[in-house]
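With our numbering applied, the sequence shown closes on residue 1489, and no number is skipped along the way.
Positions of the beta carbon are idealized from the N, C-alpha and C atoms, including for glycine.
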Amino acid sequence: MKRRIITTGDGSKTIQIEDWDEQYHSKHGAVQEAYHVFIDHGLRLFRDTDIKILEIGFGTGLNALVTILEKEKQGLQIDYVGVEAFPVSMEEVKMLDYCDQLNVPNYHETFMKMHNTPWEVQSVISEGFSLKKQLKDFKSINDINLFNLIYFDAFGARVQPELWTEEIFSIMYNALVHKGVLVTYAAKGSVRRALQAVGFNVERLPGPPGKREMLRGTKN
């Protein structure tokens, strides 16, 4: 499918899949969405602890990068697993230029290391942050009671409805520890009902720019 780099509403970039009219991040602001959904309403629930994070849709690495930038403020040690079925190219990674957008040019080497590190190998990316990228379909995740936090950042239900089903959310529920949390930019009623059906306690929260709401689920 044809892909191109576009500039979003906050000046940061993302990848657009033209055939789907779908972006890896919000066209209203890629960086703003990453912080609002995954940091403000996910990572900031945790303080002074060791946590394990699962990202569904590693994609451009933006969510992992902002997690690295925020972890020291919260005293966190993080083991991060990023699952991706269709990795972005290194050419695209360089064009996204997130470290300059975030005004952290000294993290450029860290960002590139995330993308260059081998798949299926747990690698130390920076102090207190290890990363294991897994190249596989989301349905093949079989972890049980392992993660404290899930960043659910799959492509939208409009273009990939099969990723927003009870089947998938049951896998997510099983992968979380007791009181573990899943956050997603999505707010559709069908998504909320699917999360509730597999056991999540679901909250509607204010959405990032361009969206009225987002969802957060906690494992009961």
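- Put simply, of Gln1391, Val1428, Arg1481, Phe1421 the residue whose alpha carbon is nearest the alpha carbon of Leu1464 is Phe1421.
- For the 8 Å CB-CB criterion, Thr1329 and Val1352 do not form a contact.
- Taking a cut-off of 8 Å for Cβ pairs, the segment 1431-1450 and the segment 1464-1481 touch, as three or more such pairs fall below it.
- Counting C-beta pairs with one atom in each stretch, the segment 1288-1306 and the segment 1413-1431 have three or more that are closer than 8 Å, which means they touch.
- Taking the Cα of Glu1436 as reference, the smallest distance to any Cα among Ile1410, Lys1448, Leu1415 is reached at Ile1410.
- Nearest to Ser1459 by alpha-carbon distance, out of Met1364, Val1335, Glu1431, Gly1449, is Glu1431.
- Taking one beta carbon from each stretch, the segment 1366-1380 and the segment 1339-1347 have fewer than 3 pairs nearer than 8 Å; the two do not touch.
- Under the three-state reduction of DSSP, Lys1342 is assigned to helix.
- Counting every other CB atom within 10 Å of its CB across the protein chains shown gives Phe1355 a total below 16, marking it as exposed.
- For Thr1379, the three-state secondary structure derived from DSSP is helix.
- With a beta-carbon spacing of about 6 Å, Thr1379 and Ile1337 fall inside the 8 Å limit used to define contacts.
- The beta carbon of Thr1453 lies closer than 6 Å to those of Phe1421, Leu1484 in the same chain, with the five residues before and after it left out.
- The DSSP-derived three-state label of Met1441 is helix.
- Look at Ser1295 here: in three-state DSSP terms it is coil, with no helix or strand label.
- Bridge pairing for Gly1476: absent [DSSP].
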